[in-house]
Amino acid sequence: DGGITQSPKYLFRKEGQNVTLSCEQNLNHDAMYWYRQDPGQGLRLIYYSQIVNDFQKGDIAEGYSVSREKKESFPLTVTSAQKNPTAFYLCAIGAGGGKNIQYFGAGTRLSVL
Amino acid sequence: AQSVAQPEDQVNVAEGNPLTVKCTYSVSGNPYLFWYVQYPNRGLQFLLKYITGDNLVKGSYGFEAEFNKSQTSFHLKKPSALVSDSALYFCAVRDFIYGNTGKLIFGQGTTLQVKP
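Going line by line, the protein sequences match chains G and S. Just so we're aligned, residue 19 is where the first sequence starts under this note's numbering, counting upward by one. Just so we're aligned, residue 50 is where the second sequence starts under this note's numbering, counting upward by one.
As structure tokens, then:
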């Protein structure tokens with residue numbers, strides 16, 4: 019987990035509320051990723067960014083938004099349009115290129131009140 | 050479509066016995082394969098990867114994996130299991146469908162339970 023900081027560790031969302039999950043890295047890696055983890059379903063890609071000011075939708079982007087204004091930061095907003103937001107959210111970084119390893123943060127567990 | 054399958058939801062072994070966690074994949078072209086481990090309420094930790102070369106890959110904590118191209122498998126192994134190996138294990142393959150984005154496709158995970 020070192021070098022990748024996700025906050026908060028636990029987050030609660032009320033109906034109709036947008037919430038933002040933070041992901042910060044100090045490893046100077048170009049690529050950053052957001053995954054959602056649900057029991058028995060593995061990890062599914064929400065959004066990814068390979069460079070500052072650019073990002074692409076993953077497999078389950080609906081109801082989520084991101085920004086990449088700085089290399090170090092890739093925040094994820096869970097909008098009110100996401101009707102089933104309860105999950106464990108994981109941020110990952112990669113040095114770029116197909117052979118490189120992704121390293122993961124410690125995760126944020128989001129629950130609905 | 051590219052995919053990864055982990056056919057066992059849970060694997061139970063006794064401490065000291067060898068363990069195997071199975072993974073099969075379906076990709077076009079040469080696969081880049083990875084194993085990760087996750088402890089409760091934590092992020093994923095990298096164990097090992099196969100890109101090219103020797104079919105037997107050695108990784109962290111005494112784990113190894115065997116790449117078998119004809120069977121499209123990449124099973125994770127350890128000669129002698131420890132109770133502390135109990136965790137959730139994920140197999141993943143690099144997704145090259147949309148170019149070199151670094152995207153990973155994950156299996157659904159296998160829970161390893163090592164009993165004393």
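Glycine included, C-beta positions come from ideal geometry on N, C-alpha and C.
query: Opposing strand residues paired with residue 30 (chain G) [DSSP bridges]; result: G:129
query: Segment contact flag, the segment 113 to 127 of chain S with the segment 72 to 82 of chain S, C-beta cutoff 8 Å, min 3 pairs; result: yes
query: Within-7 Å CB hit, residue 21 (chain G) to chain S; result: no
query: Backbone CA spacing between residue 80 (chain G) and residue 100 (chain S) [nearest angstrom]; result: 32 Å
query: CA-to-CA distance, residue 69 (chain S) to residue 34 (chain G), given in whole angstroms; result: 45 Å
query: Cβ contact (3+ pairs, closer than 8 Å) linking the segment 100 to 114 of chain G and the segment 45 to 65 of chain G; result: yes
query: is_contact[residue 151 (chain S), chain A] using C-beta, thresh 7 Å; result: This model lacks chain A altogether, as its protein chains are G and S.
query: Start-end ranges of the beta strand (DSSP E) lying completely within the segment 76 to 151 of chain S, minimum 3 residues; result: 82 to 87, 93 to 99, 105 to 107, 113 to 117, 122 to 127, 136 to 143
query: Exposure of residue 100 (chain G), with buried meaning 16 or more beta-carbon neighbours within 10 Å; result: buried
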